[in-house]
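One structure is given here, and the rest of the page talks about it.
There are 2 protein chains.
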Amino acid sequence: MGDKQAEWIWYPGDFEIWLRREVELRRDERRSTIAPIWRVDSPYPVVRFRKTVKLDRAETVTFLADGALRLQIGDRTIEHPEQGVRVEAGEHAIMAQVHHLSRVPALFVQGETVFSDESWEVSHLWHTGFASAGRGGFRDPAVPPADFRLKTEPLNAVSVRREGSSLIVDFGRETFGYVRLHGIRGEGVARLVYGESEEEANDFEHGETYDELRVSERDGEEATVRHSRALRYVRVHCGEGLSVGGVSLLYEYLPLAYRGSFRSSDPQLNRIWEVSAYTFHLNAREFFLDGIKRDRWVWSGDAYQSYLMNYYLFFDMPITRRTIVALRGKDPVEHHLNTILDYTLYWFIGLDDYYRYTGDLAFIREQYGSMLRLMAFCDSRSNENGMLEGRREDWVFVDWADMDKEGELCFEQMLYCLALEAVVRFSELLGDWETEERYRPKAEKLRRDIRKTFWDEEKGAFVHRRLNGAIDPFVTKHPNMIALLYGFLEPEQIDRVKRRALLNPDVPAITTPYMRFYELAALCEIGEQSSVREEIASYWGGMLELGATSFWEEYDPAVPLPDQYAMYGRKYGKSLCHAWGASPLYLLGKYFLGVTPAKPGYEEVRIRPALGGLEWIEGRVPVPAGEVFVYMDREKIRVSIPAGTGRLQFRSGTEPVCADRRPVRLEDGGYELLIGDPGREFEVRFTPTA
Amino acid sequence: MGDKQAEWIWYPGDFEIWLRREVELRRDERRSTIAPIWRVDSPYPVVRFRKTVKLDRAETVTFLADGALRLQIGDRTIEHPEQGVRVEAGEHAIMAQVHHLSRVPALFVQGETVFSDESWEVSHLWHTGFASAGRGGFRDPAVPPADFRLKTEPLNAVSVRREGSSLIVDFGRETFGYVRLHGIRGEGVARLVYGESEEEANDFEHGETYDELRVSERDGEEATVRHSRALRYVRVHCGEGLSVGGVSLLYEYLPLAYRGSFRSSDPQLNRIWEVSAYTFHLNAREFFLDGIKRDRWVWSGDAYQSYLMNYYLFFDMPITRRTIVALRGKDPVEHHLNTILDYTLYWFIGLDDYYRYTGDLAFIREQYGSMLRLMAFCDSRSNENGMLEGRREDWVFVDWADMDKEGELCFEQMLYCLALEAVVRFSELLGDWETEERYRPKAEKLRRDIRKTFWDEEKGAFVHRRLNGAIDPFVTKHPNMIALLYGFLEPEQIDRVKRRALLNPDVPAITTPYMRFYELAALCEIGEQSSVREEIASYWGGMLELGATSFWEEYDPAVPLPDQYAMYGRKYGKSLCHAWGASPLYLLGKYFLGVTPAKPGYEEVRIRPALGGLEWIEGRVPVPAGEVFVYMDREKIRVSIPAGTGRLQFRSGTEPVCADRRPVRLEDGGYELLIGDPGREFEVRFTPTA
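Residue numbers (UniProt numbering), protein chains in the order written: chain A, 1 to 690; chain B, 1 to 690.
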């Protein structure tokens, strides 16, 4: 074997499609598999890889396949390619056909100069053309992509209580993994009832998940269940003839580096950040999941927020890319992503963010064809006004909130407009002028028409929808949050929207962390960090006070504790570890530490820190080249960036002072300090404004 | 269990898609799997079945699935449905989700009044709607569709010759199956080299297929190879330590009734019919294959002719429907069927024939959506003249004949026109006026433009093509045959085309039985049965004289024998048992016995018998209700039909006589006898015309 870095290669996207299928078909509730409500896609069963190689001298090359392999070098068909093939000096066209009906057809080639990497091409339809091979860092020839597994490590319970023939086990906080039984004596069936709450574990009849495991001491004194589960508690009931000495967990997780951090003068806020990070990590697995207990499916609207949180915690782009690719699925597009209209639209906006935060145009280029086909699907369903309404078969979600969803919703049109604008932006970046010409007028018209149609001057807010040509003047926070976040407002309208929609007690309150994400982000956008801090303290702090060790799918402070666990008409239906519950990560990173990309991929960093009423804040925000450091108190700001240039923007009552260079006064009255010198810390002294 | 006929059900088309994948991935040449050059499709891995049932009294219902089953009756999830579920009296909505990643997800339900049949619905995308379940007569709960196997029976060799450590075995004629070794002694590797000719079996280096089998007397004295193969000969070479006492075959076949028949005064012609029937049967398997030795794939152009032959031999519609559905494949349409432009077009024409011969509009309705999406694909690739040219990635086949295939080929436009006309016809039958309105003008314009563009008045024939706006005046038989068969000619042009194209020795001769099919059919259409009989005698008779026991992929009488076996640059590349070699079945049934459907599904039979220079002919042609019988000699015609009405049309030099009713004189000078009375034989006496 040579020392070149060979890796497993496959048809681009097929590993993600396959893995999503694996993951989503694991939903197993009360002994029955519940498949996703959308089409389940599969990898292409037959693909061909090719490369033309030029050898200065002969070498021996080993070809491994996950699946049946047919290898041709030039005109020669090789009979036992896994035993090593001698390839003579000169130029050779290598063609490797691989087929597998239930895994990801994949190839691993290892020689001195010939080895599998992204320079290989692949096709499922070779007469129409080839694309660059997909890959994902699988460098062990013994571990093809379909053997992908998360990591595990042993975890002990913090308490085990015996009650008759049952053990009630508490792992101290929400966790995830495979329960292990120890000290098995005799033979019989162990029933394991899982609980995110102790009540759930003790309620076999209503608990969401359980396992039954037949064990015998003759097979050893330890046994591990087959399914990994979300739990804090597990109640292990030993059937007749069986006793169990102890219970532990094989904790299962995706190894990720905690690159982002946040600390402040408020210990409760610090605890909220930590629990958010833990909640987020539990849900960041093969893909960004919605929640770890219940469906464990990949939902585009949930994932969209996870992408954003990820930019402020792990900045792990492989999981973001896996999720984007898996969500898009295969052609033909027959339904909205997850069957939800808004969820299709978030997919485009997520790509747009991805490019801004990473600057990775190569990935955009890879997804571009898929993106256009998905947009063509939306376009084909837009009505005579160029707007999207839910059709009979579409799910118009928006939020778990009480609102009518028929007709042209202002909220959906705003997302559609952002999606169209993302397509236009990418078409420009990639020089696809035909697409630009097709969608730019649609995007521009829609932005105008949204304002013309839904802006209610009297109410000072965007209204909910139009149905059969008539405006429904109901005001919800939803479109107004999006309007604030994405520039649908004239400067003079901002304050009115804030008072009349966002902070108006007559407008129905948001009850999901999912939509609180946008609500609080919108408030931060208009400088309301102080009230956002108070909201975080009361809302997320409220969950902590109820004993939460991870954040929930939904939380209404008015509901008493045992009823908090119910949702969907099920006693323990609510997920107590839901990705969208972790949004303080994003809010604190983006709007308190204040770090955002001023140019794609953080080539230029913008830092606009805000104390929001705290004594001090300190933290790191991951960017492609390292971490941005930010410290702020009422007298000074200290920042450093790992690469490129940065603009530190802040307000000061007096002329600010910096030892290195002079801050510049901006038109809006604030100051800006240009920073560079990667790694070097800059300090600015200032005085707070009123 | 009740006595109702439950059967396995699945997503419509998915059994065929799955079976095609199984069959086409069996291509194994010299120890290497060669996958099809087109996209290999798979069934949907997850589907849901549903039915609402009303029970007068409670009953026990058993639910079996091929795959993982989740069963819900009303709101209740059933934990062990395979053990029988008690369903109470009243109305219940049953929902069964089944998933399987490599087989066909399928369901079998058996109760007293509740059982799986076509009244169940199924979906891969349940929020968008459900369709009637697919089914195929799988009534044994122990044999789900993915266990489908052809029948086998033992077949002995006609001669076994020993040569050193080899046995050279001859089965007397072309056959197909699993070779069995008997009287195994010792232990070692047997190498089996298959031959459609003896030369091939004796030429290990160049033979197309071989197997190696490690056997030992300790495992029994018999062993059977894993792959079924095409062969007449097999040479079994025993490696060191091994001896074999005898060799036989497990003949593998699709059980089909020989409903059609043909006999005449010419023994050679009778032999040609029989060898054709045998050739055809060997290739009529899971699907209509092109040939049994080499690729064993499903090719639309080949299958199109098989559909037509089938109407005159087996009239087995399940295999026709399986082939049509499998060929169409899944969406999205990314390439032409088999990647070949003409092969997409034959698919439409095949459906058109299917409806004419069977009257089965239900199947047309099932395929209608797929048909429209395939036509939309063609339409999207038509040029500014509304014509189809091969693109870089398309294979424009037409025939294995020497011709340029760039640009607008007259032959392809004729097929495209017929395909468009089929779509228009079906849209009318199904009342889809939007489609009718879309394609009728295109079809009419194309028919006009073909004549305007390609008819050469001076040459008296259709010319080959137009390239970059310029006509290529080359004349081939191909478009002219199609013109004669499908009404592209004015009556006064017919005789010119016959002389200037079809019978003109300066026009390149046809060398494949594939195109001889159309050539000879076209000659029959213009009353040239006598010369067609002579052609059959010399061309197919020529193969018999060279020892053929089944008809070939290609035959050029000028080539000497051992070279006949070569094709594609390979010494034994030619298939010696090729479906398209069996066309005398069609020619003799349609143009000599003269039986065709005058109304869809043979509601009215047209019989126009022709002796073509023979003393007498006799035979049966299958129709949905039974068989049409025809006898003719130089004095009389005898016919009977199994159902409906019929029109016997013939010519006579004097007034013809029928005991039952009086033949009517037709405008063209011929006579017509209306017949009815299913089963009754009518006899007409006539005198031959000059």
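Ideal placement from N, C-alpha and C gives every residue a C-beta, glycine not left out.
Can you check DSSP and say which residues form a bridge with residue i?
i	result
residue 15 of chain A	Beta-bridge pairing links residue 15 of chain A to no other residue.
residue 616 of chain A	A:633
residue 151 of chain A	A:253
residue 131 of chain B	B:122
Looking only at its chain, what residues have a beta carbon closer than 6 Å to the beta carbon of residue i, apart from the 5 residues adjacent to it on each side?
i	result
residue 92 of chain A	53, 73 and 74
residue 159 of chain B	170
residue 427 of chain B	435 and 436
Rank the options by C-alpha distance to the C-alpha of residue i and give the top, closest one.
i	options	result
residue 220 of chain A	A:83, A:471, A:332 and A:185	A:185
residue 553 of chain A	A:318, A:188, A:292 and A:659	A:292
residue 345 of chain B	B:146, B:683, B:25 and B:302	B:302
residue 231 of chain B	B:179, B:255 and B:265	B:179
residue 458 of chain A	A:500, A:468 and A:480	A:500
residue 257 of chain A	A:281, A:203 and A:608	A:281
residue 173 of chain A	A:249, A:223 and A:6	A:249
residue 241 of chain A	A:189, A:583, A:209 and A:349	A:189
residue 445 of chain B	B:455, B:397, B:489 and B:385	B:385
residue 573 of chain A	A:87, A:48, A:151 and A:206	A:206
residue 139 of chain B	B:320, B:633 and B:117	B:117
residue 286 of chain A	A:313, A:145 and A:35	A:145
Check whether chain B comes within 7 Å of residue i, counting only Cβ atoms and requiring the distance to be less than that.
i	result
residue 68 of chain A	yes
residue 133 of chain A	no
residue 2 of chain A	Unreliable placement is indicated for residue 2 of chain A, whose pLDDT of 44 sits below 50; the coordinate value is still reported in the next sentence. No, its Cβ sits nowhere closer than 7 Å to a Cβ of chain B.
residue 46 of chain A	yes
residue 499 of chain A	no
residue 101 of chain A	yes
Using beta carbons (cut-off 7 Å, strictly below), is residue i in contact with chain A?
i	result
residue 719 of chain B	The question about residue 719 of chain B has no answer, for chain B in this structure spans 1 to 690.
residue 425 of chain B	no
residue 104 of chain B	no
residue 550 of chain B	no
residue 42 of chain B	yes
residue 449 of chain B	no
residue 62 of chain B	no
residue 672 of chain B	no
residue 367 of chain B	no
residue 190 of chain B	no
residue 412 of chain B	no
residue 97 of chain B	yes
residue 702 of chain B	There is simply no residue 702 of chain B to check, as chain B begins at 1 and stops at 690 in what is shown.
Spatial neighbours of residue i within its chain, please: C-beta separation below 8 Å, excluding the five flanking residues on both sides.
i	result
residue 698 of chain B	No statement about residue 698 of chain B is possible, as the shown extent of chain B runs from 1 to 690 and does not include it.
residue 401 of chain A	476, 478, 508, 510, 511, 512 and 515
residue 647 of chain B	598, 604, 605, 606, 607, 672, 673, 674 and 675
List the residues of chain D that residue i touches, going by C-beta distances under 9 Å, in chain order.
i	result
residue 37 of chain B	Of the protein chains in the structure, A and B, none is chain D.
Going along the chain, which residues of its own chain have a beta-carbon closer than 7 Å to the beta-carbon of residue i, five neighbours each way excluded?
i	result
residue 526 of chain A	484, 494 and 498
Where in the region 391-455 of chain A do unbroken runs of the alpha helix (DSSP H), each at least 4 residues long, occur, reported from the N-terminal end onward? 410-429 and 433-454
Every unbroken alpha helix (DSSP H) inside the region 526-605 of chain B [4 residues or more]: 529-545, 561-564 and 584-587
Can you list, in chain order, the stretches of the beta strand (DSSP E) that have 3 or more residues and sit fully within the region 465-519 of chain A? 465-467 and 470-472
If we require 4 or more residues per run, which alpha helix (DSSP H) segments fall completely within the region 168-250 of chain A? 198-201
Within the region 263-347 of chain A, ranges of the alpha helix (DSSP H) (whole runs, at least 4 residues): 267-283, 300-310 and 317-328
Completely contained beta strand (DSSP E) runs for the region 44-89 of chain B, where each covers 3 or more residues: 46-55, 59-66, 68-73, 76-78 and 85-87
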